[in-house]
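Numbering (our numbering), first residue to last: 82 to 376.
Heads up, the beta-carbon is just placed ideally off N, CA and C, and yes, glycines get one too.
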């Protein structure tokens with residue numbers, strides 16, 4: 082059921098839908114493209130029954146404690162697609178930084194601020210290609226797709242979930258902005274802040290990441306210097322593409338074409354073009370008194 086369908090000021094959209102519960106905002110956005118709805122479009126849901134991420138992975142979002150929405154743009158060239166997830170990730174990190182700064186600023190100016198002051202949360206990091214981390218835990222994800230010349234950008238942010246409401250057993254683990262900071266956040270304010278930060282991206286649909294953005298992305302990169310397990314398509318020094326699976330590597334720089342540089346065990350530089358780079362978690366050592374075979 083559509084709670085509202087309108088184009089309020091400030092959301093930069095010709096078509097806006099607010100849903101109480103929907104299967105997936107990205108799936109509804111695809112329907113709008115097929116229906117020929119006026120673009121840009123924005124689909125927001127309080128809850129998603131079948132939220133999804135990259136490669137069809139399930140995104141746990143059947144709760145009103147998060148922010149789930151998809152933006153549809155018809156004015157972005159296909160050549161910009163490879164750099165879009167990272168650029169959206171940077172805009173999202175900046176927006177959440179603003180929200181956090183407002184909360185901590187208001188607390189510091191309160192008549193009776195806490196003593197000692199609350200420590201600030203860990204910095205927001207961008208994990209190639211499409212995740213946002215805080216304290217090495219995933220707080221948001223991005224899904225970029227293309228359909229009939231339109232780009233669909235799905236964004237999910239864990240805002241106010243408690244620990245018991247988040248999925249377990251994930252790598253990296255899941256968290257929420259509330260768990261990381263101690264503050265609750267209004268979905269309306271979070272949506273407005275993110276839409277505001279995305280404006281600069283829509284007005285500059287670059288096919289390469291601008292130098293200023295790239296510098297900030299590398300400063301925020303969650304994978305720089307990290308031991309990784311790499312699966313996907315990599316480009317070697319000679320420029321040829323090859324597929325790798327569970328390749329041990331070390332994360333290095335992000336590049337203007339949207340690729341992630343990694344170093345293999347021999348120190349050779351590779352560019353990860355598409356795929357996944359998972360932080361390597363070594364197996365725990367066997368308990369004392371047990372051989373590896375019996376543990």
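- Message: I'd like the list of long-range same chain contacts for residue 375, defined as Cβ closer than 7 Å, with 5 residues on each side in sequence excluded.
- Response: The predicted position of residue 375 is uncertain, since its pLDDT is 41 and thus under 50; a value taken from the coordinates is nonetheless stated next. Here the set comprises nothing.
- Message: Rounding to the nearest angstrom, what Cα-Cα distance links residue 155 and residue 143 in this structure?
- Response: 29 Å
- Task: Would you decide whether residue 191 is buried or exposed? Buried here means 16 or more other CB atoms lie within 10 Å of its CB.
- Result: In the assembly as shown, residue 191 is an exposed residue. Its beta-carbon has fewer than 16 other beta-carbons within 10 Å.
- Query: Any idea if residue 352 is buried or exposed, counting beta-carbon neighbours within 10 angstroms, 16 or more meaning buried?
  - Reply: buried
- Item | N-terminal and C-terminal residue of the alpha helix (DSSP H) that residue 281 is part of | 268 to 284
- How should residue 249 be labelled, buried or exposed, when 16 other C-beta atoms within 10 angstroms of its C-beta is the threshold for buried? With a 10 Å radius around the Cβ and a threshold of 16 neighbouring Cβ atoms, residue 249 comes out exposed.
- Message: I'd like to know whether the C-beta atoms of residue 217 and residue 253 end up nearer to each other than 9 Å.
- Response: Taking C-beta atoms as the reference points, residue 217 and residue 253 count as a pair closer than 9 Å.
- Item | Extent of the continuous alpha helix (DSSP H) to which residue 168 belongs | 165 to 189
- Message: Using the three-state DSSP reduction, which class does residue 373 fall into: helix, strand or coil?
- Response: Summary for residue 373: the model assigns pLDDT 42, below 50, so the residue's position carries little reliability; its value from the coordinates is reported in the next sentence. In this structure, residue 373 counts as coil in the three-state DSSP scheme.
- Task: Indicate the three-state DSSP secondary structure (helix, strand or coil) for residue 257 in the structure shown.
- Result: The DSSP-derived three-state label of residue 257 is coil.
- Item | Reference residue 224; option with closest CA among 163, 187, 189, 242 | 163
- Message: Quick check for students: name the residue ranges of the beta strand (DSSP E) that lie wholly in the segment 102 to 147, counting only runs of 3 or more.
- Response: 122 to 129
- Query: By DSSP, does residue 221 sit in helix, in strand, or in coil?
  - Reply: strand
- Item | Simplified DSSP state of residue 248, which is helix, strand or coil | coil
- Message: Given this structure, state the Cα-to-Cα distance separating residue 243 from residue 268, to the nearest angstrom.
- Response: 16 Å
- Message: Measuring CB atoms only, is the segment 274 to 283 touching the segment 324 to 332, in the sense that at least three cross pairs come out at less than 8 Å?
- Response: no
- Query: Tell me, which residues are paired with residue 235 by DSSP?
  - Reply: 151, 224
- Given residue 337 as reference, the closest of 311, 95, 174, 168 once Cα atoms are compared: 168
- Query: Three-state secondary structure (DSSP) at residue 297?
  - Reply: In the structure shown, residue 297 sits in a helix (DSSP, three-state: H, G or I).
- Message: Please list the terminal residues of the continuous beta strand (DSSP E) segment that includes residue 242.
- Response: Run containing residue 242: none; DSSP gives neither H nor E here.
- Task: Would you mind working out which of 115, 105, 183 sits nearest residue 149, comparing C-alpha positions?
- Result: 105
- Message: Am I right that residue 174 and residue 213 are in contact with their C-beta atoms under 8 Å? What's the rounded C-beta distance?
- Response: 6 Å
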